[in-house]
Amino acid sequence: MSMVQALKQVTALSQWSDAELAALAAVLQPRTVEAGSHIFQEGEPGDAAYFLIEGSCRLTVGGRSVRTYAPGGLFGELALLDERPRTGSLQAVTPALVGGLGKAQLASLSPPMAAKVYEALATVVSGYIRESEPFFRQMDVLLIQDGGCAPGYNPVTAFLTEYLEKAGHAVFVTAEGFKSLIGNRPTDYRALVADRKRFDRLDHVPGVIFSPPLREARGADFRSERFPEFKRPALQQQAIENMRGRGVRVVVGIGGNGTFKGVQALAAQCPEIHFFFIPVTIDSDVSGTECIGEFTGVEFGSEKIRCYMADARTHKRMYIIEMMGAHGGFHALHSCLGAGAHLAVLPNHEYDFEALVPALADRDQTVIVVAEGYKRAHRRETGFSGNAAELFRDELLAAGLQTRQKIVCEPFSRDIRGASPNNMDLTLSQRMARKVVALLEEGRSSLMPSVNGNEEGAIPFSEIGTDNTVLNDLASLANRLY
């Protein structure tokens, strides 16, 4: 695409003649940008605006994605006008070509052309002021990502947006989970748009995000650190008043057991709003359904353990690895089984140290997986400062373990949370998103979509358990030592 063709797509330049567009294109400074590279970063001095000629770019503010640009996009115009530090970072999503417009380029234009440029910039800025506040006054569907991070948060958000939009709904999301419901400023919300043409009409409004790229995005773009204060009834009531004030008709909570409890509390006090919950949790700590993130979590967890097993075999070591599993120990158990490790140590299970210690004594390689929730209450009550793996090591030594193996304890690792969702979790995301839309169209509320193999259903909030257990038969299968 030529510069003139790209400039024709800029809304503020839509009434310009080809000759005027060509005059502007002639002074722009072309710059090629590799995918992943920044055009500018938040906090840097700013003195130029940019037109996107080719490729795609993403604008982030405070580390959070707020807008994606296609060819014809204009960004950085505020810095051109006030020369203040950049308020956001712009990064190329794909290889990109941009045209830079600084004060020097403006000065080289004829006075009439420079005046037209300033008039166009004024139109853009006034549009921000005029349209951003009203745009978020009425929100049809509000998504809330909260809790920890797990593979699948962003993809299920994208699929929900796609299916809800096709069903005639406008979709919004809190910028930082439940915390944004309390802040309730326009900047506490984002609008998600799946349709490309609709996005092109709205991309000049701050906070409007093109949602399809979220299908491939790791992590959770719209969540905060844990917000335990939301347990307070006064804050819940404030959140309800804020949602009512913005005309919210549907809320979909996305996350783990903590997110569910927050959504459940709101649903109990606000019957006129339809509430739904989609479980995204590596540890599968929401019962009655497969959970988004559990498949990717086990896949990556098993691979990590295989690496430890190879190192244990090579260096004659005993690795005791702490892994996710706060309550039932799902992730630790299934990762252990998938890798063929020697023992999974789980919460609420007892282990026969009189049998275990002799079984370990003559080995020259061992990998033991310990769920993070193993004897958590005991560790707190006794003031034990180590992790679950270190506690189990100390219990082995106290029981008389003597071994030639070098014992190495590995702490809980959070890198699995940022894994790219695999096909199973992406498929589960689509099925659950589709089910939420179907339940909404039936006029139902306070439900969680459930998927178990080929069976799909819905579980009322009142029947959802958040302390998922594991089967004893599977736990015994993960004991290869005694």
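Position 40, counted from 1, in the sequence shown is what the numbering used here calls 47; the numbers after and before it change by one each time, with no gaps.
Glycine included, each C-beta is placed from N, C-alpha and C at the ideal position.
Keep in mind the model is a prediction, meaning the values are calculated, not measured.
Residue environment for LEU404: exposed (fewer than 16 other C-beta atoms within 10 angstroms of its C-beta). Between ALA485 and CYS343, the CB-CB gap stays under 8 Å. Judged by their CB atoms, LEU116 and ALA198 are not nearer to each other than the 8 Å cut-off. Around the beta carbon of LYS186, a 10 Å sphere encloses 16 or more other beta carbons of the protein chains shown; the residue is thus reported as buried. Taking 8 Å as the cut-off, the Cβ atoms of PHE206 and PHE217 count as close. With a contact defined as Cβ atoms closer than 8 Å, THR303 and ASP153 miss out at about 19 Å.
Comparing alpha-carbon positions, the option among ALA201, GLU172, ALA165 and PHE82 lying closest to LEU447 turns out to be GLU172. In the three-state DSSP reduction, ARG451 falls in the coil class, being neither helix nor strand. In the three-state DSSP reduction, MET146 falls in the coil class, being neither helix nor strand.
Restricting attention to beta strand (DSSP E) runs no shorter than 3 residues, the region 221 to 298 encloses them at 257 to 262 and 281 to 286, ordered along the chain.
Contact between the region 313 to 322 and the region 268 to 278 is not established, with fewer than three Cβ pairs separated by less than 8 Å. If you draw a 10 Å sphere on the C-beta of GLU279, you find fewer than 16 other C-beta atoms in it, and that means exposed. Bounds of any alpha helix (DSSP H) do not take in HIS176, whose DSSP letter is neither H nor E. For LEU104, the closest alpha carbon among the candidates VAL376, ALA13 and GLU449 is that of ALA13. With a cutoff of 8 Å on beta-carbon distance, ALA201 and THR164 are scored as not near each other.
In the three-state reduction of the DSSP assignment, ALA465 falls in the strand class.
The C-alpha of LYS442 is placed about 21 Å away from the C-alpha of LYS268. Residue state for MET330 is assigned as strand, using DSSP reduced to three classes. By a beta-carbon distance limit of 8 Å, LEU113 does not contact PHE47. Their separation comes to about 18 Å.
ARG197 sits in a strand when the DSSP states are folded into three classes.
Per DSSP, the unbroken alpha helix (DSSP H) holding VAL364 starts and ends at 360 to 368. For GLY109, the secondary structure class from DSSP, reduced to helix, strand or coil, is strand. Counting only runs that start and end inside the region 365 to 421, the alpha helix (DSSP H) elements of at least 4 residues fall at 383 to 389 and 395 to 405. Boundaries of the beta strand (DSSP E) harbouring SER96: 96 to 99, taken from the DSSP string. In summary, PRO92 is exposed, with fewer than 16 beta-carbon neighbours lying within 10 Å of its beta-carbon over all protein chains present.
If you compare the alpha carbons of THR410, ARG487 and GLY460 with that of ASP371, the shortest gap goes to THR410. Sixteen is the threshold: when 16 or more other Cβ atoms of the shown chains lie within 10 Å of the Cβ of HIS338, as they do, the residue is buried. Cβ contact annotation for ASP25 (same chain, cutoff 7 Å, sequence separation greater than five): VAL11, in chain order. With a cut-off of 8 Å on Cβ pairs, the region 117 to 134 is not in contact with the region 58 to 66, counting fewer than three such pairs. In the three-state reduction of the DSSP assignment, HIS349 falls in the coil class. For GLN36, no alpha helix (DSSP H) segment is defined; the enclosing uninterrupted segment is the beta strand (DSSP E) at 36 to 40.
Only exposed fits GLY252, as fewer than 16 other CB atoms lie within 10 angstroms of its CB. CYS64 is bridged by DSSP to TYR76 and ALA99. Selection GLY80, LEU81, GLY50 and PHE284 evaluated against GLU90 yields GLY50 as nearest (Cα-Cα). In terms of Cβ geometry, VAL293 and GLY263 form a close pair [threshold 8 Å]. Rounded to whole angstroms, the gap between the alpha carbons of GLU361 and LEU367 is 11 Å.
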